[in-house]
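Residue numbers (the working numbering): 51 to 611.
Glycine included, every Cβ here is placed at the ideal spot set by N, Cα and C.
Please read all numbers here as calculations on a predicted model, not as lab measurements.
Okay, so here's the structure we're looking at.
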């Protein structure tokens, strides 16, 4: 096939090879230098295209797709500072191992170092945060261009399944499908441009990315062990549940592990906050799967466990004393074993759960109760996307057993990109999507509402007029500077924000009624709950105190429990 110029031809080659590798979605931030790819993408029926004017939001939208599907979405930007706006999403994708493919258009080599407009050093800009980087182009007339471009793109897509990959692509004008665009001209591209006739990628490496390695068969699991699961996109939650049951150990599971099975321990944060209970529950060994770091009491408790077996694919273990030399035993046939150790944990969970829920129900619309009730209002086929500061922590300490899948940007734990990530998840997930976020996180990414087309998402916004997490930190004692420097009250109305973006808004009164109603109505919603951040630490302490008191009463009545 003949194309009017080299840029148009090789943009088509690029997109065709992306599709052959499994990419189904491209997120476009408008720009001139990337025009050849944007035009070709919009005209391809096998690629879904989303447009966002803010490159940072575009990066997080693509990241949300990767989180939901395990397949990289591509995000396209023009040259210059536009590329740098992708860095926050790259950092999250790197630390959380989320598939992501960055396509950044660039000026050709002859314009670099000349002071040419919108020209910066884009090559290698993301450093070690990307799994792989390659410089493509400039797009030019060559008999070998088709093979060269397809080889690089096929390798990039394959590598992007394990985290962010950066392709920097130089284009010369014209970058529109015309031989003469009025500013520059080029001759038609008449070289071969087709892919393999079988429809497959140009090259494959058959690379298996860090397969799970079972423990040595000679290893004997002690009776007093625990399985702690955090965010582990490479391990199904039902496999983790089977492992814990086979070992006869309790499963301590954070919401981001993919759900909380019926017999998992959901109250461990409160249980181990008490020294005596923590001592009684201390295991001989802990197998840690994924990134588990939501609860400081739990990580402190783990620091004293004699033996930690931590997944080597996670760069940030839950304790500085963790041993990374061994892998977790994702094997069947270890048990089953049903001894008194696991039964004791489950009895404490029953007591703690009852005390926790009773206290939450009696306390009004607190932030932990909002988290618990929002999780309970999302259908089993839905996804709950939680902002990474207080919302995901409140889910961890208040949410019970649930089949609902929880996602959160906890790789780098930034509050940026929440709106766009939630929309990206909804773009890729066929069921309902609800987002639980704080006020600052939503304001931080309010440009995410400018997405086109805009998927259906119900945003539950906990509005405590500032940064609630800081009320739990030592900074709160610096009363002369705390409110201005850390509390950062904004005084903004989310009803006005909703009106500006054409989003439906309600004050949250009845979670169990309003969330299903909003899901059924479709569209984008902001359900706003007003809370008092200054009282939130006391609410958390009261929940833990209620759990500890109830468990201690049970231990006094039944010391053998």
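Bridge partners for residue i per DSSP, in chain order?
i: residue 241; result: None; residue 241 has no bridge partner.
i: residue 219; result: 155 and 186
i: residue 275; result: 335
i: residue 214; result: 150
i: residue 124; result: 76 and 151
i: residue 344; result: According to DSSP, which records beta bridges pairwise, residue 344 is partnered with nothing at all.
i: residue 230; result: 235
i: residue 83; result: Bridge partners of residue 83: none, in fact.
i: residue 486; result: 436 and 510
i: residue 502; result: 101
i: residue 281; result: 341
i: residue 315; result: 302
i: residue 310; result: 452
Considering only C-alpha positions, which residue in the set the options is nearest to residue i?
i: residue 391; options: 250, 330 and 198; result: 330
i: residue 457; options: 597, 480, 224 and 486; result: 486
i: residue 496; options: 87, 51, 105 and 62; result: 105
i: residue 217; options: 415, 353, 88 and 175; result: 175
i: residue 102; options: 85, 79, 122 and 414; result: 79
i: residue 518; options: 584, 409 and 422; result: 584
i: residue 569; options: 235, 248, 431 and 177; result: 431
i: residue 4; options: 151, 138 and 51; result: This structure cannot speak to residue 4, because the chain is shown only from 51 to 611.
i: residue 130; options: 181, 162 and 586; result: 162
i: residue 454; options: 506, 227 and 484; result: 484
i: residue 135; options: 119, 110 and 156; result: 110
i: residue 551; options: 190, 574 and 295; result: 574
i: residue 156; options: 352, 186 and 182; result: 186
i: residue 587; options: 572, 138 and 443; result: 443
i: residue 520; options: 434, 536 and 233; result: 536
i: residue 245; options: 553, 65 and 478; result: 65
Which same chain residues end up closer than 8 Å to residue i when comparing Cβ atoms and leaving out the 5 residues on each side of it in sequence?
i: residue 602; result: 324, 326 and 327
i: residue 423; result: 561 and 562
i: residue 600; result: 401, 402, 404 and 405
i: residue 544; result: 489, 492, 511, 513, 555, 576 and 578
i: residue 141; result: 179, 461, 462 and 464
i: residue 213; result: 143, 144, 147, 148, 149, 150, 180 and 181
What are the boundary residues of the alpha helix (DSSP H) that residue i is part of?
i: residue 490; result: 489-494
i: residue 110; result: 105-119
i: residue 602; result: 586-607
i: residue 456; result: No alpha helix (DSSP H) contains residue 456, which is instead part of the beta strand (DSSP E) from 455-458.
i: residue 391; result: 390-412
i: residue 565; result: 561-571
i: residue 419; result: 417-427
i: residue 442; result: 440-448
i: residue 178; result: Here residue 178 belongs to no alpha helix (DSSP H), and DSSP marks it neither H nor E.
Which whole-angstrom value is the C-beta distance of residue i and residue j, which I expect to be below 8 Å?
i: residue 202; j: residue 184; result: 5 Å
i: residue 133; j: residue 154; result: 5 Å
i: residue 55; j: residue 288; result: Contact doesn't hold; Cβ gap of about 52 Å is too wide.
i: residue 300; j: residue 395; result: 4 Å
i: residue 398; j: residue 321; result: 6 Å
i: residue 108; j: residue 125; result: 5 Å
i: residue 286; j: residue 451; result: Not confirmed; about 17 Å, so no contact.
i: residue 347; j: residue 446; result: Not confirmed; about 11 Å, so no contact.
i: residue 148; j: residue 205; result: About 19 Å; that fails the 8 Å criterion.
So residue i is in the beta strand (DSSP E); what residue range does that whole segment cover?
i: residue 555; result: 554-557
i: residue 513; result: 507-513
i: residue 436; result: 433-436
i: residue 578; result: 574-580
i: residue 99; result: 98-101
i: residue 357; result: 357-360
i: residue 39; result: Nothing about residue 39 can be reported from this structure: the residues present for the chain run from 51 to 611 only.
Cutting at 6 Å between CB atoms, please list the residues of its own chain near residue i, excluding the five before and the five after it.
i: residue 494; result: 465 and 466
i: residue 419; result: 410
i: residue 225; result: 57, 85 and 86
i: residue 370; result: Confidence at residue 370 is low in this model, with a pLDDT of 45, below 50, so its placement is unreliable and no value can be given for it.
i: residue 146; result: 461
i: residue 598; result: 324
i: residue 242; result: 196
i: residue 503; result: none
i: residue 114; result: 471, 474 and 475
i: residue 594; result: 320 and 323
i: residue 546; result: none
i: residue 276; result: 299, 300, 302, 333 and 336
i: residue 273; result: 389 and 391
i: residue 351; result: 322 and 328
So does residue i have its beta carbon nearer than 7 Å to some heavy atom of the ligand SAM?
i: residue 529; result: Here there are no bound small molecules, and the ligand SAM is not part of this structure.
With a threshold of 7 Å on Cβ separation, who are the neighbours of residue i within its own chain once the five nearest residues in sequence on each side are excluded?
i: residue 240; result: 52
i: residue 558; result: 510, 564, 577, 578 and 579
i: residue 96; result: 69
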